[in-house]
Amino acid sequence: MKHYWLMKTEPGEYSIDDLKKDKSTGWDGVRNYQARNFMRDQMRVGDGVFFYHSNAKPGAVGIAGLAKVCKAAYPDDTAWDENDKHFDPKSNSENPIWFRVDVRFVKKCPEVITLQKLKATPGLEKMVVTQKGSRLSVQPVSPDEWELILKMPEWV
DNA sequence: GCCAACGTTGGC
DNA sequence: GCCAACGTTGGC
Numbered sequence: 225m226k227h228y229w230l231m232k233t234e235p236g237e238y239s240i241d242d243l244k245k246d247k248s249t250g251w252d253g254v255r256n257y258q259a260r261n262f263m264r265d266q267m268r269v270g271d272g273v274f275f276y277h278s279n280a281k282p283g284a285v286g287i288a289g290l291a292k293v294c295k296a297a298y299p300d301d302t303a304w305d306e307n308d309k310h311f312d313p314k315s316n317s318e319n320p321i322w323f324r325v326d327v328r329f330v331k332k333c334p335e336v337i338t339l340q341k342l343k344a345t346p347g348l349e350k351m352v353v354t355q356k357g358s359r360l361s362v363q364p365v366s367p368d369e370w371e372l373i374l375k376m377p378e379w380v
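Number 325 in this note's numbering belongs to position 101 of the first sequence; there are no gaps in the numbering.
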């Protein structure tokens, strides 16, 4: 069963343009158990991903493009790199705590689908990202939400 | 930059 | 196991 996802990134750190340039990237640095569990337990090659820009200027916050999972979960070795920003002394190669997946660029939105618009769209009231205080950086998207968002004019 | 909401830590 | 303190996220 194919799943759909929304993955957040700060465009100042890694944007849809970076993914376009790189073609694909390892989604490392996730240090939240719920987000990890989604990646480790449910993400499969071919799953669809909305690439979301968080913590950006007002008007730039929202879905910035489309990606797909191109490699299923494997240990995030940045967790045992002391020099890495996301170093976690509890994790090591025998007993990895944190995982990453790889995602491949599919498409950039000519226009960002803003969070404001998502919140105002009937049918997306229950979407995780539109909930107040929602901080989860890897979150599931229902097939209905996926279809509805893909039909928006911002994609063309 | 502010600050509300959230997740994690650690003392008890 | 509770919960206060703390650090982080992320919209605005």
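Note that the Cβ used here is the ideal one computed from N, Cα and C, for glycine as well.
For my contact list, residue i and residue j are in at a C-beta cut-off of 8 Å; report their separation, rounded to the angstrom.
| i | j | result |
| --- | --- | --- |
| Arg324 | Lys292 | Rounded, the Cβ-Cβ distance is 15 Å, inconsistent with contact. |
| Pro334 | His277 | Rounded, the Cβ-Cβ distance is 14 Å, inconsistent with contact. |
| Leu230 | Val330 | Contact flag wrong, Cβ pair sits at about 14 Å. |
| Met351 | Ala297 | With a Cβ gap of about 23 Å, Met351 and Ala297 do not count as contacting. |
Quick one: is residue i buried, meaning 16 or more other Cβ sit within 10 Å of its Cβ, or exposed?
| i | result |
| --- | --- |
| Phe311 | exposed |
| Leu374 | exposed |
| Ala344 | exposed |
| Pro369 | Sequence check: residue 369 is Glu here, not Pro. Buried, because 16 or more other Cβ atoms sit within 10 Å of the Cβ of Glu369. |
Between the Cα of residue i and those of the options, spot the shortest distance and give me the residue it belongs to.
| i | options | result |
| --- | --- | --- |
| Gly272 | Arg260, Val365, Glu306, Ala297 | Val365 |
| Ala303 | Thr345, Pro282, Glu371, Asn319 | Asn319 |
| Leu372 | Gln355, Leu360, Arg359, Ile337 | Ile337 |
| Trp322 | Ser239, Gln258, Asp242, His227 | Gln258 |
What does residue i pair with, by DSSP beta-bridge criteria?
| i | result |
| --- | --- |
| Val327 | Thr249, Val293 |
| Trp229 | Val273, Pro364 |
| Thr338 | Gly286 |
| Lys332 | Gly289 |
What runs of the alpha helix (DSSP H), each 4 residues or longer, lie entirely inside the region 267-317? Entirely contained in the region 267-317, not one alpha helix (DSSP H) run reaches 4 residues.
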